[in-house]
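This report refers to the structure that appears directly beneath it.
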Amino acid sequence: MTPKATGTVRRHRLSTRLWHWLNAALLYILFTSGLGIFNAHPRLYWGQYGANFDAAWLELDRFPGWLTLPALYSLAMSRHWHLAAAPLFAFALLFYMLWSLANRHIVCDLAFRRADLAPRHIWQDIKDHARLRFPTGAAALHYNVLQKASYIGVIFLLLPLLILTGLTMAPGMNAAWPWLVDLFGGRQSARSLHFIAAFALVAFFLVHILMVLLAGPVNEVRSMITGRYRVPEERP
Amino acid sequence: MILTRRTLLLGATATLAGCDRLGRNETVRDALFSAENFHRWAQRSLMARDALAQEFRPDQISPIFRANGTANPNTPAYKALWRGNFADWRLPVTGLVTRPLSLSLAQLQAMPPRTQITRHDCVEGWSAIGKWRGVPLKPILEAAGLHDNARYLVFRCADDMGGGRPYYESIDRFDAFHPQTILAYALNDRPLTVANGAPLRLRVERQLGYKQAKYLMGIEAVATLDGIGKGKGGYWEDHAGYDWYAGI
Numbered sequence: 009m010t011p012k013a014t015g016t017v018r019r020h021r022l023s024t025r026l027w028h029w030l031n032a033a034l035l036y037i038l039f040t041s042g043l044g045i046f047n048a049h050p051r052l053y054w055g056q057y058g059a060n061f062d063a064a065w066l067e068l069d070r071f072p073g074w075l076t077l078p079a080l081y082s083l084a085m086s087r088h089w090h091l092a093a094a095p096l097f098a099f100a101l102l103f104y105m106l107w108s109l110a111n112r113h114i115v116c117d118l119a120f121r122r123a124d125l126a127p128r129h130i131w132q133d134i135k136d137h138a139r140l141r142f143p144t145g146a147a148a149l150h151y152n153v154l155q156k157a158s159y160i161g162v163i164f165l166l167l168p169l170l171i172l173t174g175l176t177m178a179p180g181m182n183a184a185w186p187w188l189v190d191l192f193g194g195r196q197s198a199r200s201l202h203f204i205a206a207f208a209l210v211a212f213f214l215v216h217i218l219m220v221l222l223a224g225p226v227n228e229v230r231s232m233i234t235g236r237y238r239v240p241e242e243r244p
Numbered sequence: 027m028i029l030t031r032r033t034l035l036l037g038a039t040a041t042l043a044g045c046d047r048l049g050r051n052e053t054v055r056d057a058l059f060s061a062e063n064f065h066r067w068a069q070r071s072l073m074a075r076d077a078l079a080q081e082f083r084p085d086q087i088s089p090i091f092r093a094n095g096t097a098n099p100n101t102p103a104y105k106a107l108w109r110g111n112f113a114d115w116r117l118p119v120t121g122l123v124t125r126p127l128s129l130s131l132a133q134l135q136a137m138p139p140r141t142q143i144t145r146h147d148c149v150e151g152w153s154a155i156g157k158w159r160g161v162p163l164k165p166i167l168e169a170a171g172l173h174d175n176a177r178y179l180v181f182r183c184a185d186d187m188g189g190g191r192p193y194y195e196s197i198d199r200f201d202a203f204h205p206q207t208i209l210a211y212a213l214n215d216r217p218l219t220v221a222n223g224a225p226l227r228l229r230v231e232r233q234l235g236y237k238q239a240k241y242l243m244g245i246e247a248v249a250t251l252d253g254i255g256k257g258k259g260g261y262w263e264d265h266a267g268y269d270w271y272a273g274i
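Quick note, the sequences are listed as chains R and C, same order. Everything in the first sequence is counted per this note's numbering, starting at 9 for the first residue and increasing by one. Everything in the second sequence is counted per this note's numbering, starting at 27 for the first residue and increasing by one.
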C-alpha cells in the first residue's frame, strides 16, 4: 500500500504543480492590486450600504506603494490587473477541483481518514508541529491531519469565499444572481468579507512559506516543480 | 532569517516593479483592458435582458446620500439655468433619431414616472441607497424614433471637468431599454439638489456610479463611440482608463 519510503519518489501530481504556480502568480497580482483598489476607499462596513457618513467597522490609512499594484495609486490600473486575474483564478480553481476529483487527489490525499480524526492523533500532530518535528519516511509521503485541514479549508472554503464575495461586489452580478447579495447580507458586508478572507489567505501563505523553509526548502520547492521528492530518512 | 526576509522583501518589491513595467507595455495593457469584454459577455450571458438590479425597502435608504464627482458645475450657463429654477433648461434628444426632441423639465415630469429604491455603487468601493424618481428612457427613445443603427446613447453634461471639457457618458441599447434605466429628477422625494445632479441625471442601475451622468444637457444617439471624446465612451474612460462596461 505505501510506496517505497526511501530515496526519491514522485510526490506531487502535474495538476497540483501547475495549479500551485499559477496561483502563486495570480494571488500575488490579486492581493497587491486588491490593496490598490482598497486604497480608493480604505473604510469597511457591514450591511447593504456604507459611505463616508456611515459607521465603518474598520478605517485604515492607505497601504504603502511598495505593497500595491501599481505602486503609484491608480484605481483604474489596479482594477484592470484585478479584474483580468480574477476570472483566470476562479476558473483555475474550478478546473483544479474537477481534475482532482477525476484523478482521485481529493479522495486519496486530501480527504480525512477515520484515523486522522482521532483526538489523540490530532493532538499528537499539533505537538509535532509545535516542536517542528516533521514527518520522515513513509509518513512524509502523505499529508498529516493539520495539513489536510488547512488545504481543505483553503480550497473549499476560503478561495470560494473570495471568489463569491468578489462577484457580489459587481452590480451586474447583483442583477444576474441576486441570491449572492442575500447570501452575504449586503454588498458592503461582501466587501468586508472579501478583505478578511484575503488576509486569512495571506496568513495561510506565511505559515506555508515558514513550513517550506523549515522542512527543507530545496527539496520542497523541487518537488513542487518537477514532482520529485527526496524522502527524509526515517528517524532511528 | 534576516537575510531571507530581506531577500523576500527585495524580491517582492522587484516583482511588483516588474508588474508595474509590464502594466506599461502596450500588449500587456491591451490584454488587461480586454478583460472588460469578458466580464461584459459573461455577466450579460448570465442575466436576463430585463433582470432588475436589487430594489430596497424605504427603511434601508442611506441616512445621507453621498454626492460624488462634481458638486456644482458652477459655469455661467448652468448658474443662469439654476437661478431660473431650470424653467429654461431643455433636454435635446438628437443624432440617429427620426424625430429629434427638445424636452422641458415640466414635459418630463408629466410623463409616466418610475420610482425605485436602488443601491449606488461607486467604483471606489462605497455604496449608498437612495429613492429615485424619473422617466424611463425607453419611451423617450421610442418617441424620438431611435434608428436601428444607433448602438449607443451619449449623455452630455453641464459640468466642466477642466479645460472646457464637459462630462459625458454612454450606454448601449442593452441598458438603454432596461426598465430601471431612468432620467431621474428626484432623490428621496425631493427635487434633485445641485450636488446630486440637478435638474436631471441618468440612472443605469446595473452599473457603477461613474455611469450615472449628472446635470444632463443632451442625449445623442450614435452608431459608434469613435469621435466622442477620445473614443472610449466616457470622460473617465477617456481620461483615467476606467472600463466602459461598469457592471463590475
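The beta-carbon is built from N, C-alpha and C at its ideal position, and this holds for glycine as well.
The beta strand (DSSP E) that contains residue 136 of chain R, what's its start and end? Residue 136 of chain R -> not in any beta strand (DSSP E); alpha helix (DSSP H) instead, spanning 127-138.
Indicate whether at least one CB of chain R lies closer than 8 Å to the CB of residue 39 of chain C. yes
Any chain R beta carbon closer than 8 Å to residue 268 of chain C: yes
CB contact flag (residue 158 of chain C, residue 210 of chain C, <8 Å): yes
Below 8 Å on the Cβ atoms is my guess for residue 197 of chain C versus residue 179 of chain C; work out the distance and round it to an integer in Å. 6 Å
Leaving aside the five residues before and after residue 76 of chain R along the sequence, list all residues of the same chain whose C-beta is less than 6 Å from its C-beta, in chain order. 40, 43 and 44
How big is the Cα-Cα spacing for residue 148 of chain C and residue 138 of chain C? 29 Å
Under the three-state reduction of DSSP, which class applies to residue 105 of chain C: helix, strand or coil? helix
Candidates C/95, C/232 and C/171: which alpha carbon is nearest residue 200 of chain C's? C/232
Candidates R/120, R/113 and R/207: closest to residue 36 of chain R by CA position: R/207
Range of the contiguous beta strand (DSSP E) that encloses residue 6 of chain R: This structure cannot speak to residue 6 of chain R, because chain R is shown only from 9 to 244.
Tell me residue 158 of chain C's beta-bridge partners as DSSP assigns them. C/142 and C/213
Nearest-angstrom beta carbon gap, residue 159 of chain R and residue 19 of chain R [assumed within contact, 8 Å]: That pair is no contact at about 14 Å.
On the CB-based measure, 16 or more other CB atoms within 10 Å of its CB, does residue 57 of chain C come out buried or exposed? exposed
Which residues in chain R sit within 8 Å of residue 190 of chain C, going by Cβ to Cβ distance? What residue 190 of chain C touches in chain R: nothing, since even the nearest Cβ is about 23 Å away.
Short of 9 Å Cβ to Cβ, which residues in the stretch 57-68 of chain C face chain R? 57, 58, 59, 60, 61, 62, 64, 65, 66 and 68
Please identify the residue among C/134, C/181 and C/132 whose C-alpha is closest to the C-alpha of residue 121 of chain C. C/181
Against chain R: residues of the stretch 132-150 of chain C by CB proximity under 8 Å: 145, 147, 148, 149 and 150
Could you tell me if residue 141 of chain R is buried or exposed, where buried requires 16 or more neighbouring beta carbons within 10 angstroms of its beta carbon? exposed
Cβ separation of residue 125 of chain C and residue 171 of chain C, assumed to be a contact under 8 Å, to the nearest whole Å: 5 Å
Can you tell me which of the three DSSP states residue 121 of chain C falls into? strand
Below 8 Å on the Cβ atoms is my contact criterion, and I expect residue 188 of chain R with residue 176 of chain R to pass it. Report the Cβ-Cβ distance as a whole number of Å. 5 Å
For the stretch 37-98 of chain C, which segments carrying the alpha helix (DSSP H) assignment without a break, of at least 4 residues, lie completely within its bounds, in sequence order? 52-59 and 61-72
Given residue 147 of chain R as reference, the closest of R/239, R/61, R/185 and R/119 once Cα atoms are compared: R/239
I need the DSSP call for residue 124 of chain R, collapsed to helix, strand or coil. helix
Whole-number beta carbon distance between residue 184 of chain R and residue 69 of chain C, since they are thought to touch under 8 Å: 6 Å
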